[in-house]
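**Q**
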Amino acid sequence: MNKFVFENSTKVYFGEGCVKEHLPRLLAEYRGDVMLAYGGGSIKRNGAYEDIMEVLKGAGRNVVEFTGIMANPTYAKVMEGAALARAERIGLILGAGGGSVMDCCKAISLAAVYDGDVWSEFWAKPGVIDFELLPLGVVVTVAGTGSEMNGGAVITNEGLKVKTGRDYPACNPKFALLDPAYTYSVPAKQTASGGFDILSHVMETYFSEPNEDNVSDDISEALMKSVIRNLPAALKDPKDGVARSNLLWASTMGENRIIKLGKRMDFECHQMEHQLGAYLNCNHGEGLAVLHPVYYRHIYRDGLPKFRRFAVNVWGIPPEGKSDEELALAGVEALAKFIGDIGLPATLRQLGANEETDLERIADSCAISPGSYRRMTHEEILKIFEECF
Ligand code: NZQ
Ligand code: ZN
């Protein structure tokens with residue numbers, strides 16, 4: 035195992051009714067007005083808005099609403115939220131929604147207190163946060179990104195056509211409230227894409243050095259098997275509380291740094307997907323679903339022992355009578371079949387690409403991960419895009 039330092043400052047409250055049970059006491063720890071930030075209004079249909087407002091009113095807190103945070107949040111939206119937070123002298127940001135809302139709120143918590151150019155200092159390159167941010171608490175309404183328990187914020191700069199994420203421990207939410215019942219209303223498409231995002235986070239970590247026996251890979255296998263069981267169950271019955279609970283916690287576990295301990299990590303598919311998102315504004319989990327099988331067909335020979343282990347331990351494929359290569363490839367094909375079975379797309383066309391799309395330009399704009407089993411080149415990324423087209 036590689037060396038590591040572990041810290042996670044977010045306090046998590048999990049379970050049905052957790053907002054009404056814990057938010058009153060949490061609110062009391064922060065002074066001033068509360069900025070309630072959310073997306074297009076799904077929180078008004080899943081019970082979250084009602085519960086949050088009841089608590090805020092009960093506590094006599096003044097509430098400023100910041101709405102319309104879009105999927106793939108933009109830098110312009112971050113700056114709009116930061117200006118509002120400054121003008122209203124906000125004391126606490128409460129973000130309610132999915133990864134887009136949480137990421138946008140993290141960036142707002144920084145931009146609201148920093149006077150310089152936030153994009154160039156903290157997203158264009160890694161920056162140093164040695165000052166206090168505006169405190170943030172989150173209420174999660176969809177499983178997928180795991181943003182609730184990390185400092186990651188993926189922001190799209192529309193002008194520059196760059197979608198990029200940075201993980202600053204200082205941006206970790208102070209608290210995260212996870213009520214699986216809020217996720218019952220997530221439509222099938224988003225359930226599948228969020229579920230695949232979880233699987234992708236785990237795979238992007240698992241398929242990297244070291245290959246030797248390590249606790250992180252063992253936890254990853256358990257998480258992948260849980261998603262593979264529970265995602266079809268949630269699609270079959272959206273109100274399956276067991277399936278929704280497992281997906282919600284697997285989502286947090288995938289991105290709360292625990293499975294990354296001692297690992298190098300790949301995340302090349304995420305780099306590719308982020309740039310597809312910057313150009314096509316596609317759904318994150320759907321983009322990942324299109325890329326993963328094709329990317330893995332490119333690299334499985336470079337990480338043969340792990341791909342072999344994936345086939346046997348995660349997909350239950352019997353190893354007898356198969357060469358290492360056949361077995362490894364059978365695991366990748368099982369993944370591709372799963373993606374089809376849960377109704378996710380398999381081509382870039384389904385994400386909105388067409389003959390006019392400049393795939394070469396998108397490929398050239400992708401960051402190259404240093405942790406992959408084989409370091410990609412922009413030429414090979416273009417080849418992957420063409421095979422996905
Ligand atoms: O906008 P509203 O009305 O809230 O609707 C949302 C949105 O349309 C809807 N939704 C959320 N909860 C719902 C619901 N609909 C019905 N019932 C509910 N309970 O779902 C749609 C998608 O929401 P969004 O937040 O965009 O999805 P997701 O959670 O997948 O977040 C995607 C963003 O997170 C970034 C992605 O790149 C993308 O920008 N990521 C953030 C990461 C992080 N911070 O750690 C890691 C990820 O790899 C990812 O890159
Ligand atoms: Zn992701």
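Residue numbers (our numbering): 35 to 423.
All residues carry an ideal CB built from backbone N, CA and C; glycine is no exception.
Keep in mind that this is a model prediction, so the values were computed, not measured.
For GLU289, is the beta carbon positioned less than 8 angstroms from some heavy atom of the ligand COA?
**A** As for the ligand COA, it is missing from this structure, which binds only the ligand NZQ and the ligand ZN.
**Q** In chain order, what are the residue ranges of uninterrupted beta strand (DSSP E) at least 3 long that sit wholly in the stretch 150–194?
**A** Those beta strand (DSSP E) runs which fall completely within the stretch 150–194 and span 3+ residues are 170–174, 186–191.
**Q** Check for me: the beta strand (DSSP E) holding GLU99 runs from which residue to which?
**A** Element bounds for GLU99: 97–100.
**Q** Out of PHE344, GLN384, HIS318, THR411, state which residue places its alpha-carbon closest to the alpha-carbon of GLY178.
**A** For the residues PHE344, GLN384, HIS318, THR411, the minimum Cα distance to GLY178 belongs to HIS318.
**Q** List the residues that DSSP assigns as beta-bridge partners of TYR47.
**A** Per DSSP, LEU211.
**Q** Taking the runs of the alpha helix (DSSP H) that are 4 residues or longer, which of them lie wholly in the stretch 250–329?
**A** The stretch 250–329 contains these whole alpha helix (DSSP H) runs: 275–288, 302–314.
**Q** Going by the CB atoms, is the gap between ALA116 and ALA158 shorter than 9 angstroms?
**A** No, the Cβ-Cβ distance between ALA158 and ALA116 is not below 9 angstroms.
**Q** Counting pairs of Cβ atoms below 8 angstroms between the stretch 220–238 and the stretch 258–271, do you hit three or more?
**A** Touching, yes.
**Q** Using only the alpha-carbon positions, how far apart do PHE241 and ASP300 sit?
**A** Looking at the two C-alpha atoms, the distance is approximately 7 angstroms.
**Q** In this structure, how does DSSP classify ASP201 when only helix, strand and coil are distinguished?
**A** Of the three classes helix, strand and coil, the one that applies to ASP201 here is strand, per DSSP.
**Q** Go ahead and label PHE419 buried or exposed: buried means 16 or more other beta carbons lie within 10 angstroms of its beta carbon, across all protein chains shown.
**A** Its Cβ being crowded by 16 or more others within 10 Å, PHE419 is buried.
**Q** Can you list, in chain order, the residues of its chain with a C-beta nearer than 7 angstroms to that of ALA204? Leave out the 5 residues immediately preceding and following it.
**A** Correct list, in chain order: ILE163, LEU167, GLY185.
**Q** By the three-class DSSP mapping on this structure, what secondary structure does ILE86 have?
**A** Looking at ILE86 - three-state DSSP - the assignment turns out to be helix.
**Q** Opposite LEU126 in the DSSP bridges: which residues?
**A** BP columns for LEU126 point to VAL68.
**Q** Write down the C-beta distance between CYS400 and ILE376 rounded to the nearest angstrom, noting that I regard them as a contact closer than 8 angstroms.
**A** Not really, about 26 angstroms apart at Cβ, beyond 8 angstroms.
**Q** Rounding to the nearest angstrom, what Cα-Cα distance links GLN224 and GLU320 in this structure?
**A** If I take the Cα positions, the gap works out to 9 angstroms.
**Q** Could you pull the start and end residues of the alpha helix (DSSP H) that PRO107 belongs to?
**A** Looking at the DSSP string, PRO107 is not in any alpha helix (DSSP H), and its letter there is neither H nor E.
**Q** Do you know whose CA, among GLU50, ARG120, ASN347, lies nearest VAL147's CA?
**A** When only C-alpha atoms are compared, the closest one is ARG120.
**Q** Can you tell me the Cβ-Cβ gap for ASN315 and GLU255, rounded? I've got them flagged as a contact below 8 angstroms.
**A** Between GLU255 and ASN315 the Cβ distance is about 34 angstroms, and since that is not below 8 angstroms, they are no contact.
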